[in-house]
Every structure is written in structure tokens, then in C-alpha cells.
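Peer 1: Attaching a single structure in C-alpha cells format; questions to follow.
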């Protein structure tokens, strides 16, 4: 049994994003939003996903742009409160991803008993969010330190809104990540949120690494979900099910429902 099937109790899961409102201390945080209001908004988003038939949810502090690492305790504390409340009420498999803080992601994933975490394990990137250099030795040692070695990692291998300074091919990068870092799932995104990767790239990776679960993590819509599910082991969906297909908007229940109807057809 693959780890994907073990976690989600099905093949090719469809995971919906629960994007939190901007959290305290970040540029777009609005003082009118109390912690209870931020919690309630996230719960409404998750309930829309469950009602539409999504298999799982993935939390992200998407509204905290531009992201920093590490994030402050004011972000971690409210993120933790929201994710705990929502995950316990919605009762779907759930994941944690704290932008852009690997230790916070692992710590919350462990303490909240998440089914998986989404994060980078390695890479050096330059782009819209500045310069980022991951330290895999430090990350894996921290994972060991907090007794989270059994926490499944869904590993991003290419950056959003940035360029990788690693000149190897994506096949070479994925090969070494699988060999050395052993993530449960490889995530393949497009160049930024809302844009898909080339399906040929995903298909080639799956053919090269048939025993490795590979999930497409951005740019999936009603137009390409059928093809995406043919070449991958699942998808993560965010932008296309938002009102008017805009990343920062709330989930549109009708768009979410239509997406699942097409995906399951």
C-alpha cells in the first residue's frame, strides 16, 4: 500500500486548500478580525470543501504575504488555534504548511497530530520572496528532535514565484531527494499559485519513479483535473475554486462542487 492510500484511504486524493486570513503581525492583517473571526472564516472554508466532497484539507497562511522565515510566535499561536478547531470539527484528513517556516510546520504538524505536512526539505531559490536556502541536515535533525520522524512529509521540489539555483534537471533533483531525504510524497507545482506544471514533466517523473507518490500541487482546474489525475497520484486545489478564480477570495461553493463533479466523472 502506498503512503497516499494509507493516509487518505483511497487512491488519487483531491486535497482542498484552507487559506487563513492574514494573521497578526503580517502586512495585510486587519485589526477588525479577532482570533475568533479568523477561526470562524477558516471553518467556513473547510466546511465548503467537505460539502463539495473533497478528500482532505491543507491549511496555509497564504494571506501572510510576503512570507518570512522564521515566522513569529503571534503567527504560530493563532495558526495552531485555528487548525486545531477546524480539523476537529470537519473531521477530514488534514495537512499543515506554514509559509515559509519548516520548523513551525513540523512543530504544528506534530502537536496537532496532522496527517501530513507540506514543506521544502532542500533547495536554494531566488525570486519574489527573496533568497531562500534550505538546510536539510538541520530540518531532518529537528524532525528527529521532536519525535516526528513518522510525520509524512509532502515535499515541494521546485519553487513558487522564484528560480531554483540548482542547475540539475528536475529528474536529478527528485532522484537525490528520494534517495537521501525520503519524503513520503513529492509535490510538483507550477511556476506560481494558480498555474499548473507541464503535465509531461509529471508523467515523465512518474514513469521514472513509479514507486514514489507524486502529487500536483498547483494550477489544477476543471479544465485539466482529469489529465492531472491520469499522470499523478493526486492533486492539491486552491485558486481555481475561489470566487472568480482569484487566490485571495473565499472558496466559491459552486466552483468547488463543479470541480469535484468533473474530477469524479
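In this note's numbering, the protein residues as written are 3 to 267. All residues carry an ideal CB built from backbone N, CA and C; glycine is no exception. Since the structure is predicted, the reported quantities are computational estimates derived from the model, not experimental observations.
Would you mind giving the Cβ-Cβ distance between residue 187 and residue 20, rounded to the nearest angstrom? I have them listed as a contact below 8 angstroms.
Peer 2: Approximately 18 angstroms separates the beta-carbon atoms of residue 187 and residue 20; this is outside 8 angstroms, ruling out the contact.
Peer 1: So, at 6 angstroms on beta carbons, what are the nonlocal neighbours of residue 239 in its own chain, with the 5 sequence-adjacent residues on each side left out?
Peer 2: So the list reads 18 and 222, once near-sequence residues are dropped.
Peer 1: Exposed or buried, what is residue 179 when buried is set at 16 or more other beta-carbons lying within 10 Å of its beta-carbon?
Peer 2: A buried status is given to residue 179, since no fewer than 16 other beta-carbon atoms sit within 10 Å of its beta-carbon.
Peer 1: Curious, which full-length alpha helix (DSSP H) runs of at least 4 residues does the region 129-180 contain?
Peer 2: 138-147 and 172-178
Peer 1: Using DSSP with H/G/I as helix, E/B as strand and the rest coil, what is residue 122?
Peer 2: strand
Peer 1: Where are the alpha helix (DSSP H) runs, 4 residues long or more, that stay fully inside the region 11-62, in chain order?
Peer 2: 37-54
Peer 1: Among the residues of its own chain, which have a CB less than 7 angstroms from the CB of residue 254, if the five just before and after it don't count?
Peer 2: If we look at residue 254 and ignore the five residues flanking it on each side, its Cβ neighbours are 243, 244 and 245.
Peer 1: Which residue marks the beginning of the beta strand (DSSP E) containing residue 217, and which one marks its end?
Peer 2: 215-218
Peer 1: Considering only residues of the same chain and omitting the five flanking positions on each side of residue 232, which have a CB-CB separation below 7 angstroms?
Peer 2: none
Peer 1: Keeping to the same chain, check which residues put their C-beta closer than 8 angstroms to that of residue 142; ignore five residues upstream and five downstream.
Peer 2: Excluding residues within five positions, the ones whose Cβ falls inside 8 angstroms are 123 and 183.
Peer 1: Beta-carbon separation of residue 106 and residue 131 under 8 angstroms?
Peer 2: no
Peer 1: When DSSP labels each residue in this structure, what does residue 233 get in the three-state scheme?
Peer 2: helix
Peer 1: Relative to the C-alpha of residue 159, which residue among 149, 249 and 136 is closest?
Peer 2: 136
Peer 1: Which residues in the same chain as residue 111 place their Cβ atom closer than 8 angstroms to its Cβ, once the five residues preceding and following it in sequence are excluded?
Peer 2: 97, 98, 118, 119, 150 and 153
Peer 1: Among 134, 72 and 91, which residue has its Cα nearest to the Cα of residue 109?
Peer 2: 72
Peer 1: Locate the alpha helix (DSSP H) running through residue 203, then write down its first and last residues.
Peer 2: 201-210
Peer 1: Roughly how many angstroms lie between the CA atoms of residue 8 and residue 213, to the nearest whole one?
Peer 2: 14 angstroms
Peer 1: Which of helix, strand or coil does DSSP assign to residue 99?
Peer 2: Under the three-state reduction of DSSP output, residue 99 falls in the strand class.
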